[in-house]
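S.K.: Counting the sequence shown from 1 gives a position; this note's numbering is that position plus 27.
Glycine included, C-beta positions come from ideal geometry on N, C-alpha and C.
Would you mind keeping the following structure in view while I ask a few things?
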Amino acid sequence: MRRAYAVLLALCLALAGALVTAGPAQAAALTIPNGVQFTDTSGNALHAHGGGVIKVGSYYYWFGEDRNSDNTFRYVDAYRSTDLKNWEFRNHVLTQSSASELGTAYIERPKVVYNASTGKFVMWMHKENGTDYSEARAAVAVSDTVDGNYTYQGSFRPLGQYMSRDITTFVDTDGTAYMVSAANENYDLQIYRLTSDYTAIAALVANPWPGGHREAPALFKRNGVYFMLTSGATGWSANQQQYATASSLAGPWTSMANVGDSTTYNSQTAYVLPVQGTSGTSYLYMGDRWGNSFGGTVNDSRYVWLPLTFPSSTTMSMSWYPEVTVDAAAGTIGGTSATYNTLIARHSGKCADVANQSLWQGIAISQYTCNGGTNQKWWFKDLGTGYYQLVGRGSSLCLQENSTNVTQENCSSSATTQQWSVVTSGSYVNIKARATGECLDVNGASTANSAAIITYTCNGATNQQWTRGT
């Protein structure tokens with residue numbers, strides 16, 4: 028009996044030890060909505076546009092542009108996060124008062140690297156005079172701490188001669204740092220090696236695509252292969268992103284190849300972040316949907332984050348997901364798959380439509396001739412309660428019932444005014460609002476373009492019957 032008891036006790040102790048060794052269970056992946064403004068942990072709009080990320084210890088630090096209403100420079104902001112979803116504001120690390128030439132300026136695409144030899148954090152950025160883009164200069168600032176106040180070192184043209192606009196930085200595995208920037212009125216994209224302290228240009232390494240007219244560079248390395256992701260130069264409007272690869276930064280580089288769709292899901296490259304964890308390393312595309320492209324300012328911009336996938340060692344692909352899923356501890360990035368439908372009114376044959384492809388909140392929904400636009404496509408996001416949110420493909424905003432109309436608004440899973448049930452009615456469906464029980468309705472049974480879509484007492488009329496098209 029004593030022997031049996033001893034054996035049982037030993038087994039219990041071993042099991043307890045195993046549980047202690049295993050530690051806490053891995054946190055689940057977090058879901059981040061796409062194509063929307065982000066807020067920080069205090070609920071304020073997160074301004075890190077055109078930015079970049081550096082990991083220090085267990086924290087990711089995200090730096091980016093925070094501009095005035097006229098798009099001139101106000102701050103470079105710094106945020107930090109351990110999970111890439113919840114971002115804490117840390118500091119305005121560079122301000123208009125940091126140097127006299129920053130009083131009126133454009134400061135774009137700030138990127139921070141750490142120099143292990145000097146112990147300094149070094150910020151590179153694109154600097155202009157705040158009136159036009161004639162200066163085309165690079166600028167540098169340094170700090171002893173990652174989120175401290177950066178000391179501005181001045182601006183210059185690389186090697187005293189080359190224009191320098193959109194910019195990125197990259198530190199290779201051997202500790203050598205590089206800066207990439209658009210030159211020659213954006214027709215060239217040049218790769219420079221930095222000095223050992225990372226604060227100046229040592230040499231021009233390559234100009235691989237002369238005349239290519241590319242900007243918004245992002246450079247990263249995967250399994251010994253360098254990838255350069257860029258956009259075309261079309262102002263604030265989105266365009267087809269392209270990438271190239273090389274086994275050496277000096278080249279030879281491949282020609283540029285398309286990735287994503289023709290507008291890169293209405294975004295422009297800001298940065299590609301390697302996310303390394305217990306399950307490996309994944310790569311996160313971080314893009315901006317510029318507010319200026321839809322009648323706003325830089326601070327109205329939205330963020331588009333997508334997982335990058337690699338069919339082979341030298342090819343890359345990108346697909347749209349309405350939500351990105353990130354497990355920073357595991358180093359895994361994925362996306363929420365979604366099917367988008369048009370909503371076609373039975374009586375008119377016309378589609379539920381966001382007027383003028385607007386991305387703004389508060390825009391009333393109406394019907395319009397079906398045309399396949401993203402402003403006529405809706406994701407029925409299942410909330411698991413018998414209700415759905417109807418999320419616009421173009422705007423990433425949700426249909427919301429109001430007292431007099433239906434609008435698109437920032438999605439809120441707790442808002443019953445954004446929750447809808449789908450009730451089959453023969454070969455059609457009724458879309459019923461949870462808050463009032465009323466049906467999605469074309470006002471007055473109008474067949475005209477731009478007729479308002481409202482909610483109204485369900486009555487079986489054809490202007491309340493919808494087909495979910497593809």
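So what does DSSP say about Ala166, is it helix, strand or coil?
M.R.: As a first step, residue 166 is located in the sequence shown; it is residue number 139 there, counting from the start. Looking at Ala166 - three-state DSSP - the assignment turns out to be strand.
S.K.: If we call anything under 9 angstroms between Cβ atoms a contact, is Asn285 one with Ser320?
M.R.: The residue you call residue 285 lines up with position 258 of the sequence shown. The residue you call residue 320 lines up with position 293 of the sequence shown. Not a contact, by the Cβ cut-off of 9 angstroms.
S.K.: Determine the closest residue to Val433 out of Ser439, Cys425, Ser440, with distance taken between C-alpha atoms.
M.R.: The count along the sequence shown starts at 1 and reaches residue 433 at position 406. Nearest C-alpha to Val433: Cys425.
S.K.: Can you give me the C-alpha to C-alpha distance between Leu38 and Ser85, rounded to a whole angstrom?
M.R.: Residue mapping note: residue 38 aligns to position 11 of the sequence shown, counting from 1. Residue mapping note: residue 85 aligns to position 58 of the sequence shown, counting from 1. Because Leu38 sits at a pLDDT of 40, beneath the cut-off of 50, its placement in the model cannot be relied upon, and the following sentence gives the value as read from the coordinates. Approximately 36 angstroms between the Cα atoms of the pair.
S.K.: Let me check understanding here. Comparing Cα to Cα, which of Gln388, Ile481, Ile371, Gly453 lies closest to Ser430?
M.R.: For the purposes of this step, residue 430 is taken as residue 403 along the sequence shown, with counting starting at 1. Nearest of Gln388, Ile481, Ile371, Gly453 to Ser430, Cα basis: Ile481.
S.K.: Helix, strand or coil for Gln268, going by three-state DSSP, please let me know.
M.R.: By one-based count along the sequence shown, residue 268 stands at place 241. Reduced to three states, the DSSP call for Gln268 is strand.
S.K.: So, Glu162 versus Ile134, is the Cβ gap smaller than 9 angstroms?
M.R.: For this step, residue 162 is matched to residue 135 along the sequence shown. For this step, residue 134 is matched to residue 107 along the sequence shown. Against a cut-off of 9 angstroms, the Cβ pair of Ile134 and Glu162 comes out as no contact.
S.K.: Please determine if the stretch 234-244 and the stretch 252-260 are in contact, where contact requires at least 3 C-beta pairs separated by less than 8 angstroms.
M.R.: A contact exists between the stretch 234-244 and the stretch 252-260.
S.K.: So what does DSSP say about Phe116, is it helix, strand or coil?
M.R.: Indexing the sequence shown from 1 puts residue 116 at position 89. Strand at Phe116.
S.K.: Please return the same chain residues whose Cβ sits closer than 6 angstroms to the Cβ of Arg94, not counting the five positions on each side in sequence.
M.R.: In the sequence shown, counting from the first residue as 1, residue 94 sits at position 67. Around Arg94: Arg101, Val325, Asn326.
S.K.: Could you check the C-alpha separation between Asn368 and Gly400 for me, to the nearest Å?
M.R.: Locating residue 368 in the sequence shown gives position 341, where the first residue counts as 1. Locating residue 400 in the sequence shown gives position 373, where the first residue counts as 1. Roughly 11 angstroms between the two C-alpha positions.
S.K.: Could you spell out where the beta strand (DSSP E) holding Leu186 opens and where it closes?
M.R.: As a first step, residue 186 is located in the sequence shown; it is residue number 159 there, counting from the start. No beta strand (DSSP E) holds Leu186; DSSP gives it neither H nor E.
S.K.: Suppose the cutoff is 8 angstroms on Cβ atoms and the five residues either side in sequence are ignored; what does the same chain contact list for Glu465 look like?
M.R.: To locate residue 465, count along the sequence shown from 1; it is residue 438. Excluding positions up to five away in sequence, the list reads Glu428, Lys459, Thr482, Tyr483, Thr484, Cys485.
S.K.: Have a look at Tyr253 and Ala233 and give me their C-alpha separation to the nearest angstrom.
M.R.: Indexing the sequence shown from 1 puts residue 253 at position 226. Indexing the sequence shown from 1 puts residue 233 at position 206. Using only the alpha carbons, I get a separation of about 13 angstroms.
S.K.: Looking at the structure shown, is Thr145 part of a helix, part of a strand, or coil, going by DSSP?
M.R.: Position 118 of the sequence shown, counted from the start, is the residue given in the question as residue 145. Correct three-state label for Thr145: coil.
S.K.: Assuming Val286 is part of the beta strand (DSSP E), what are its boundary residues?
M.R.: Counting from one through the sequence shown, the residue named residue 286 turns up at place 259. Per DSSP, Val286 belongs to the beta strand (DSSP E) from 284-286.
S.K.: Could you pull out every residue in the same chain whose Cβ sits closer than 6 angstroms to the Cβ of Thr122, ignoring the five residues on either side in sequence?
M.R.: Translated into positions along the sequence shown, residue 122 becomes position 95. Hits under 6 angstroms: Tyr102.
S.K.: Can the beta-carbon of Gln64 be found closer than 9 angstroms to that of Ala72?
M.R.: Position 37 of the sequence shown, counted from the start, is the residue given in the question as residue 64. Position 45 of the sequence shown, counted from the start, is the residue given in the question as residue 72. Going by C-beta atoms, Gln64 is nearer than 9 angstroms to Ala72.
S.K.: Buried or exposed: which applies to Thr195, given that a residue is buried once 16 or more other Cβ atoms fall within 10 Å of its Cβ?
M.R.: The residue labelled residue 195 in the question sits at position 168 within the sequence shown. Buried, by the Cβ-count rule.
S.K.: Report the partner residues of Trp151 according to the DSSP bridge assignment.
M.R.: As a working mapping, residue 151 is identified with position 124 in the sequence shown. Lys138, Val167.
S.K.: When DSSP labels each residue in this structure, what does Leu129 get in the three-state scheme?
M.R.: Along the sequence shown, one-based indexing puts residue 129 at 102. Helix, per DSSP.
S.K.: By DSSP's criteria, Glu242 is part of a beta bridge. Which residues make up the other side?
M.R.: In the sequence shown, counting from the first residue as 1, residue 242 sits at position 215. In the DSSP output, where bridge partners are listed per residue, Glu242 has Ser258.
S.K.: Rounded C-beta distance between Tyr415 and Val449? I'm assuming under 8 angstroms.
M.R.: Counting from one through the sequence shown, the residue named residue 415 turns up at place 388. Counting from one through the sequence shown, the residue named residue 449 turns up at place 422. About 7 angstroms separates the two Cβ atoms, so the contact holds.
S.K.: In whole angstroms, what is the alpha-carbon distance linking Ser328 and Leu386?
M.R.: In the sequence shown, residue 328 corresponds to position 301, counting from 1. In the sequence shown, residue 386 corresponds to position 359, counting from 1. One C-alpha to the other measures close to 10 angstroms.
S.K.: Terminal residues of the continuous beta strand (DSSP E) containing His74?
M.R.: Sequence index remark: in the sequence shown, residue 74 carries index 47 (1-based). Run containing His74: none; DSSP gives neither H nor E here.
S.K.: Counting Cβ pairs closer than 8 angstroms, one from the stretch 297-305 and one from the stretch 363-383, do we hit at least three?
M.R.: Touching, no, given that fewer than three Cβ pairs across the two stretches are closer than 8 angstroms.
S.K.: Among all the DSSP beta bridges, which residues are the ones paired with Gln394?
M.R.: Position 367 of the sequence shown, counted from the start, is the residue given in the question as residue 394. Answer is Ala379.
S.K.: What is the rounded straight-line gap between the Cα of Tyr177 and the Cα of Ala475?
M.R.: Numbered from its first residue, the sequence shown carries residue 177 at position 150. Numbered from its first residue, the sequence shown carries residue 475 at position 448. Distance between the alpha carbons of Tyr177 and Ala475: 58 angstroms.
S.K.: Kindly indicate which three-state DSSP category Gln64 falls into: helix, strand or coil?
M.R.: On the sequence shown, residue 64 is found 37 positions in, with the first residue counted as 1. In the structure shown, Gln64 sits in coil (DSSP, three-state: anything other than H, G, I, E or B).
S.K.: Quick one: what's got a C-beta closer than 8 angstroms to Trp236's C-beta in the same chain, skipping five residues either side?
M.R.: On the sequence shown, position 209 is the one that residue 236 refers to. These residues qualify, in order along the chain: Asp215, Leu216, Ala271, Trp280, Ser282, Met283.
S.K.: What residues match up with Ser452 in a beta bridge as DSSP calls it?
M.R.: Start at 1 with the first residue of the sequence shown, and residue 452 comes out as number 425. Ser452 is bridged to Tyr455.
S.K.: Taking the beta strand (DSSP E) that Val433 belongs to, which residues open and close that run?
M.R.: Locating residue 433 in the sequence shown gives position 406, where the first residue counts as 1. Val433 -> beta strand (DSSP E) spans 433-436.
S.K.: Are the beta-carbon atoms of Lys154 and Ala165 separated by less than 9 angstroms?
M.R.: Within the sequence shown, residue 154 is the residue found at index 127, counting from 1. Within the sequence shown, residue 165 is the residue found at index 138, counting from 1. A contact, by the Cβ cut-off of 9 angstroms.
S.K.: Can you tell me which of the three DSSP states Asp498 falls into?
M.R.: Outside the shown range of the chain (28 to 497) lies residue 498, about which nothing can therefore be said.
S.K.: What separation, rounded to the nearest whole angstrom, lies between the Cα atoms of Thr58 and Trp332?
M.R.: Here residue 58 refers to the residue found at position 31 when the sequence shown is read from its first residue. Here residue 332 refers to the residue found at position 305 when the sequence shown is read from its first residue. If I take the Cα positions, the gap works out to 11 angstroms.
S.K.: As a quick exercise: from Val351, Gln435, Arg249, pick the residue whose alpha carbon is nearest that of Val381.
M.R.: Here the question's residue 381 lines up with position 354 in the sequence shown. Checked all of Val351, Gln435, Arg249; the closest Cα to Val381 is Gln435.
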